[in-house]
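Everything on this sheet refers to the single structure shown next.
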Amino acid sequence: MTSNTPQPVTFKPSGPLSGKISVPGDKSISHRALILSTLAIGKSRITGLLEGEDVLATADALRAMGARIEKKDDVWTVHGVGVGGLIQPENALDMGNSGTSARLLMGLVASHGITTTFTGDASLSKRPMGRIIEPLSRMGADIQARETSDHKACMPLTVRGICPAIPLEYRLPVASAQVKSAILLAGLNTPGITRIIEPVLTRDHSETMLRGFGADIQVETDADDCRIISLTGEAELKPQKIKVPGDPSSAAFMVVAALIVPGSDIVIENVGINPTRTGLFDVLRDMGGDIRFAKKRTVGGEPVADIHVRHSALTGIDVPAKIAPSMIDEFPILFIAAAMASGQTITSGLHELRVKESDRLSQMAKGLELLGVKLTEKEDGLTIEGSGGKTLSGGKAKAMIETALDHRIAMSFAIAGLATKSGLAIDDITPTQTSFPGFENLLATLAS
């Protein structure tokens, strides 16, 4: 897990960025590859797995529930226990900083006859879990969570699974791939049909991978343009060979770096371009960004491409609220791009950012204001007045940016440091290990 000792780092202004790089494997796909391989009967092989702390927390939890998971060179081998084959873990499962691990694994154990306690670090323990607890409780799981002073259900919490669970038809009240995936994972060991109604499309890696592992899953669209996802349990999953593409959420930081540093021209190879994940690239193109997908191909059912990015003069836009689910994790780095654009960038519909690893709207607003950026913080977004490409500084250039244990805050302001007059210090770089090990080194290779 991340060191308890903060490591402050100063990111200095950069000359043109250039070269070809690869970013770590997709975090969402890595979690799901490990989980579904555990539920298959037999041996699955995974290459390109993200080896950040979030994914390793998932692997450790699955080992505690009976899976044999090994690594040799770049190949991870998972000896699955089959759907329904999880065993009672001897100790609480420590999710570290990973909300994805916690929420997906809660769904997994909800339909097994085991009792599991989930813990996490200080940041994760503040994140609300009610939206996961509600549907899983309707399926029959008994979930006891710590209640905060403002009546939110948070970790640590204990899930007492039930087998057989009750099949559920559930309309998602908010766009959330994690809630959707948790219900689907619970549905795998539930007799009958579990059905999810999704009014707003979210990342669909779970549906794609479940189909690839042999689950009986159907996706339709109704008259109101809602997706209807139907999963038949009790499933029998077949082991797979999986190649994880590069994470578009990680690539986003390098894309924005190249856009805002004059003279830059880079290629990021083998990045996943699933349409449910490319909202940021669409928005940056609308702002004038020179971003091109080359060598498009399909790997393991997922679309992949090399991303070619050149420095561009960006212009602020009004970002449609409906695009938020396809880029919710990328808004912090979009705010950096907006700070360097000409004119005003308006964002809305971002309530979800208040309950991520930190309150990302508040943290980004405070950091940008230290850099002299004019902005307005609203309940559901930021309105940012861009610098028109001028370097960032403000009167507090030597101020320290607070990352609040949030990896995306840390990496966003690291990129902002490239566009400052004298550099930018952040209070702790260690959170980047949760999703992007090697971030600093990879950024340095582009600047060298």
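The working numbering puts the first residue of the sequence shown at 185, with every later residue one more than the last.
All C-beta atoms, glycine included, are put in the ideal place defined by N, C-alpha and C.
No experiment lies behind these values; they were computed from the predicted model shown.
Practice task
Would you tell me roughly how many angstroms separate the C-alpha atoms of V265 and L223, rounded to the nearest one?
Solution key: Whole-angstrom Cα-Cα distance: 6 Å.
Exercise for the section: Would you please state the rounded distance, in angstroms, between the beta carbons of M438 and I452? I believe it to be under 8 Å. Expected result: 6 Å
Exercise for the section: Report buried or exposed for P429, applying the criterion of at least 16 other Cβ atoms within 10 angstroms of its Cβ. Expected result: buried
Exercise for the section: Output the residue ranges of the alpha helix (DSSP H) runs that lie fully inside the stretch 387-448 and measure 4 residues or longer, sorted by chain position. Expected result: Those alpha helix (DSSP H) runs which fall completely within the stretch 387-448 and span 4+ residues are 389-396 and 432-444.
Handout entry: N275 to I346 span [Cα, whole Å]
Key = 19 Å
Practice task
Tell me whether P509 sits in a helix, a strand or coil according to DSSP, three-state version.
Solution key: Residue state, collapsed to three classes: helix.
Handout entry: Local Cβ density within 10 Å of N625, reported as buried at 16 or more and exposed below that
Key = exposed
Exercise for the section: Give a single yes or no on whether V455 has its beta carbon closer than 6 Å to a heavy atom of the ligand MG. Expected result: For the structure depicted, the ligand MG is absent and the ligand set is empty, with no information on it obtainable.
Problem - Exposure of S606, with buried meaning 16 or more beta-carbon neighbours within 10 Å - result: exposed
Practice task
Could you name each continuous beta strand (DSSP E) segment of 3 residues or more that falls completely within the stretch 311-375, going from the start of the chain to the end?
Solution key: 326-331, 337-344 and 353-355
Exercise for the section: State the Cα-Cα distance for the pair T299 and K364, rounded to the nearest angstrom. Expected result: 22 Å
Exercise for the section: Report all residues from its chain with a CB closer than 7 Å to the CB of M185; omit the five preceding and five following residues, and keep chain order. Expected result: Legend: pLDDT at M185 = 47, less than 50; position of this residue unreliable, value from coordinates given subsequently. Once the five neighbours on either side are set aside, the close Cβ partners of M185 are E237 and G280.
Practice task
Determine the burial state of E254: buried for a count of at least 16 other Cβ atoms within 10 Å of its Cβ, exposed for fewer.
Solution key: exposed
Practice task
Using 10 angstroms around the beta-carbon of V409, count the other beta-carbons present and answer buried if the total reaches 16, otherwise exposed.
Solution key: Looking at the sequence shown, residue 409 is not Val but Asp. Exposed, since its Cβ has fewer than 16 Cβ neighbours within 10 Å.
Handout entry: Rounded C-alpha distance that separates Q328 from P312
Key = 13 Å
Exercise for the section: List the whole-angstrom C-beta distance separating L555 from A600, where the pair is believed to meet the contact cut-off of C-beta under 8 Å. Expected result: 7 Å
Handout entry: Where A224 sits in the DSSP three-state scheme
Key = strand
Exercise for the section: Could you check how far apart the C-beta atoms of V467 and V503 are, in whole angstroms? I think they sit under 8 Å. Expected result: 6 Å
Practice task
For the stretch 186-215, list the beta strand (DSSP E) runs that are entirely contained and at least 3 residues long, ordered along the chain.
Solution key: 193-195 and 202-206
Problem - Nearest-angstrom Cβ-Cβ length linking L576 and I568, presumed shorter than 8 Å - result: Rounded, the Cβ-Cβ distance is 12 Å, inconsistent with contact.
Handout entry: Helix, strand or coil at F477 according to DSSP, with G and I counted as helix
Key = Under the three-state reduction of DSSP, F477 is assigned to strand.
Exercise for the section: Could you check the C-alpha separation between E331 and M339 for me, to the nearest Å? Expected result: Between E331 and M339, the C-alpha separation is close to 9 Å.
Problem - Where K550 falls: helix, strand or coil (DSSP) - result: helix
Practice task
Put I585 into one of helix, strand or coil per three-state DSSP.
Solution key: In the structure shown, I585 sits in a strand (DSSP, three-state: E or B).
Practice task
Would you mind stating whether S295 and A361 have Cβ atoms separated by less than 7 Å?
Solution key: no
Exercise for the section: For S198, I'd like the list of residues in its chain whose CB is within less than 6 Å of its CB, leaving aside the five on either flank, ordered along the chain. Expected result: V445, L602 and A631
Practice task
Pick helix, strand or coil for S526, following the three-state DSSP scheme.
Solution key: strand
Problem - I413 versus E420, A419 and T405, residue with shortest Cα-Cα distance - result: T405
Handout entry: Residues bridged to P487 [DSSP beta-bridge criterion]
Key = For P487, the beta-bridge partners assigned by DSSP are T482.
Handout entry: Where A609 falls: helix, strand or coil (DSSP)
Key = strand
Exercise for the section: Entirely within the stretch 232-263 and at least 3 residues each: give me those beta strand (DSSP E) ranges in chain order. Expected result: 252-256
Practice task
Under 8 Å by Cβ, that's how I've got A718 and I317 pegged, so tell me the actual separation to the nearest angstrom.
Solution key: Residue 718 lies beyond the residue range present for the chain, which begins at 185 and ends at 632; the question has no answer from this structure.
Practice task
Compare the beta carbon distance of Q547 and A588 with 7 Å and say whether it is the shorter of the two.
Solution key: Yes, the Cβ-Cβ distance between Q547 and A588 is below 7 Å.
Practice task
Drop a sphere of 10 angstroms on the beta-carbon of G565, count the other beta-carbons inside from all chains shown, and report buried for 16 or more, exposed for fewer.
Solution key: buried
Practice task
Apply the 10 Å Cβ neighbour rule to V259 and answer buried if 16 or more other Cβ atoms are within range, or exposed otherwise.
Solution key: Residue environment: V259 is assigned as exposed (fewer than 16 neighbouring CB atoms within 10 Å of its CB, all protein chains considered).
Problem - I219 classed as buried or exposed, judged by whether at least 16 other C-beta atoms fall within 10 angstroms - result: buried
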